[in-house]
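Numbering (my numbering), first residue to last: 152 to 628. All C-beta atoms in this analysis are idealised placements derived from N, C-alpha and C, irrespective of residue type, glycine included. The structure presented is a predicted model; accordingly, all values stated were derived computationally and were not measured.
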């Protein structure tokens with residue numbers, strides 16, 4: 152994805168862009184110089200024009216609100232929240248103190264092998280941060296603890312960053328409409344149901360510590376039923392291994408009750424209370440479908456057909472990785488849907504031709520519709536001008552005149568987003584240039600109203616008539 156800003160660009164007459172620190176679902180973070188203080192800062196940016204989900208705006212604003220209320224030495228200090236308007240866009244920014252050092256992910260990539268003592272020290276520091284966060288009113292739940300979001304300085308001090316997934320209130324168990332937020336491999340099972348409680352962060356920490364010890368994503372580790380079986384992959388003390396098992400319990404009731412409790416045991420102040428489950432064990436409860444925990448690391452190593460039967464489905468990030476999709480499909484996963492939308496819809500929106508090809512080969516419906524707005528994968532390929540994906544979908548039988556909820560076809564979406572290449576393809580493959588939506592408007596309504604000359608010229612040349620709603624606002628040369 153093209154970056155919103157380039158080095159040396161000055162934002163709001165105050166921040167000079169130096170470099171890019173990272174990109175994620177909640178925005179792009181830049182290294183910037185504060186021209187007023189001459190200090191280096193982290194500047195997180197979110198473009199309104201580039202958002203494909205209004206939930207991103209909600210999460211961004213929530214992040215700013217929560218950061219402004221926090222005051223902890225291991226959480227980079229909030230500086231300000233502002234927006235900048237241009238003729239074609241509005242961008243939002245969070246300026247924050249820069250956490251000096253490297254992420255745990257970067258350190259491992261560079262070959263760093265942490266000792267047990269170093270891993271324990273990291274765990275202690277993060278737990279101290281979590282104790283602080285969870286004691287806020289209401290509790291602040293990070294929801295995305297992972298190696299990329301923990302910065303380690305050379306002296307061993309760590310910082311917790313990226314509160315883009317933060318939740319500042321409790322969600323009810325299995326609350327409908329909750330957003331699945333987190334990172335595959337580090338998400339606690341309850342997050343796949345849109346639920347997060349304070350001990351959700353403990354699971355993310357445990358998974359991160361396993362990554363440090365094994366140099367592998369927790370999703371790649373073996374499981375015993377639905378529980379991680381990591382002991383054969385690590386060389387650590389029995390005491391620490393037992394502590395890790397406790398913090399990584401799939402069921403929230405079996406984990407440490409709080410960050411404070413986990414810290415107390417880690418520091419030797421308390422003993423681990425052994426779980427005496429009355430639920431009959433994991434193999435017994437999973438078929439009954441009564442545990443929230445039958446969802447996570449089984450994604451790469453358990454029988455997906457069984458989990459699908461009980462309503463557990465893979466995280467959306469799986470769409471970005473053809474190997475993950477292949478593994479999921481080969482273990483009985485449903486090639487058509489994830490949660491409420493088709494997997495093929497996801498692949499098309501992200502321009503993943505290889506993933507789309509695999510899903511189609513395994514039986515995915517190329518005309519499957521998203522239940523809420525009735526869009527098809529071709530609509531999303533058209534919106535983003537992904538010509539290769541659109542060509543693949545059409546070749547496999549996608550309906551070029553499929554109508555979404557309000558009667559808008561893929562050609563409408565192409566016109567709306569100036570996707571001339573896909574618009575040409577759609578027309579060549581039989582798209583009706585005069586297809587009318589619910590209110591009688593043709594695809595020309597969009598380029599007329601927005602004065603987008605190139606796409607409108609194409610439509611007119613192909614016989615599209617002016618929308619009866621708007622008048623043409625430009626002249627064709």
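Cα-Cα separation, residue i to residue j
| i | j | result |
| --- | --- | --- |
| residue 556 | residue 504 | 26 Å |
| residue 336 | residue 265 | 20 Å |
| residue 385 | residue 398 | 16 Å |
| residue 565 | residue 186 | 41 Å |
| residue 372 | residue 400 | 15 Å |
| residue 157 | residue 170 | 8 Å |
| residue 321 | residue 291 | Unreliable positioning characterises residue 321 in this predicted model, as indicated by a pLDDT of 30, which lies under 50. A coordinate reading is not provided. |
| residue 510 | residue 547 | 11 Å |
| residue 444 | residue 281 | For residue 444, the predicted model reports a pLDDT of 34, less than 50, meaning its position is unreliable; a value from the coordinates is still stated below. Looking at the two C-alpha atoms, the distance is approximately 22 Å. |
| residue 161 | residue 211 | 21 Å |
| residue 502 | residue 568 | 15 Å |
| residue 201 | residue 383 | 45 Å |
| residue 247 | residue 613 | 51 Å |
| residue 300 | residue 254 | 7 Å |
| residue 512 | residue 559 | 28 Å |
| residue 240 | residue 199 | 6 Å |
| residue 361 | residue 615 | 59 Å |
| residue 601 | residue 215 | Unreliable positioning characterises residue 601 in this predicted model, as indicated by a pLDDT of 45, which lies under 50. The coordinate reading is nonetheless provided below. Roughly 32 Å separates the two Cα atoms. |
| residue 159 | residue 263 | 32 Å |
| residue 381 | residue 368 | 12 Å |
| residue 174 | residue 194 | 12 Å |
| residue 132 | residue 540 | For the chain, the structure presents residues 152 to 628; residue 132 sits outside this window and is missing. |
8 Å Cβ cutoff met for residue i and residue j
| i | j | result |
| --- | --- | --- |
| residue 244 | residue 229 | no |
| residue 270 | residue 417 | no |
| residue 552 | residue 583 | yes |
| residue 298 | residue 259 | yes |
| residue 406 | residue 350 | yes |
| residue 527 | residue 518 | yes |
| residue 249 | residue 197 | no |
| residue 562 | residue 549 | no |
| residue 499 | residue 537 | yes |
| residue 610 | residue 575 | no |
| residue 410 | residue 353 | yes |
| residue 486 | residue 521 | no |
Residue of the options minimising C-alpha distance to residue i
| i | options | result |
| --- | --- | --- |
| residue 573 | 548, 544, 593 and 585 | 544 |
| residue 370 | 364, 379 and 363 | 379 |
| residue 305 | 291, 251 and 272 | 251 |
| residue 163 | 235, 539 and 392 | 235 |
| residue 402 | 496, 339 and 352 | 339 |
| residue 542 | 558, 554 and 579 | 579 |
| residue 346 | 256, 293, 200 and 568 | 293 |
| residue 508 | 495, 312, 409 and 484 | 495 |
| residue 179 | 190, 188, 520 and 155 | 155 |
| residue 303 | 538, 256 and 289 | 256 |
| residue 218 | 184, 575, 357 and 314 | 314 |
| residue 606 | 419, 534, 393 and 411 | 534 |
| residue 355 | 389, 396 and 207 | 396 |
| residue 273 | 221, 539, 213 and 357 | 357 |
| residue 307 | 391, 188, 268 and 408 | 268 |
| residue 390 | 423, 368, 521 and 497 | 423 |
| residue 261 | 366, 506, 532 and 539 | 366 |
| residue 588 | 571, 554 and 532 | 554 |
| residue 287 | 222, 581 and 172 | 222 |
| residue 279 | 381, 153, 419 and 415 | 415 |
| residue 312 | 168, 506, 277 and 570 | 277 |
| residue 208 | 220, 242 and 237 | 242 |
| residue 289 | 404, 348 and 387 | 348 |
Helix, strand or coil at residue i [DSSP, three-state]
| i | result |
| --- | --- |
| residue 551 | coil |
| residue 293 | coil |
| residue 154 | coil |
| residue 532 | helix |
| residue 231 | strand |
| residue 310 | strand |
| residue 365 | helix |
| residue 283 | helix |
| residue 593 | coil |
| residue 569 | coil |
| residue 561 | helix |
| residue 421 | coil |
| residue 195 | strand |
| residue 183 | strand |
| residue 243 | strand |
| residue 248 | strand |
| residue 171 | strand |
Cβ separation of residue i and residue j, assumed to be a contact under 8 Å, to the nearest whole Å
| i | j | result |
| --- | --- | --- |
| residue 225 | residue 310 | 5 Å |
| residue 296 | residue 359 | 6 Å |
| residue 184 | residue 166 | 7 Å |
Test: residue i CB closer than 8 Å to a CB of chain D
| i | result |
| --- | --- |
| residue 361 | No chain D is present in this structure, which holds just one protein chain. |
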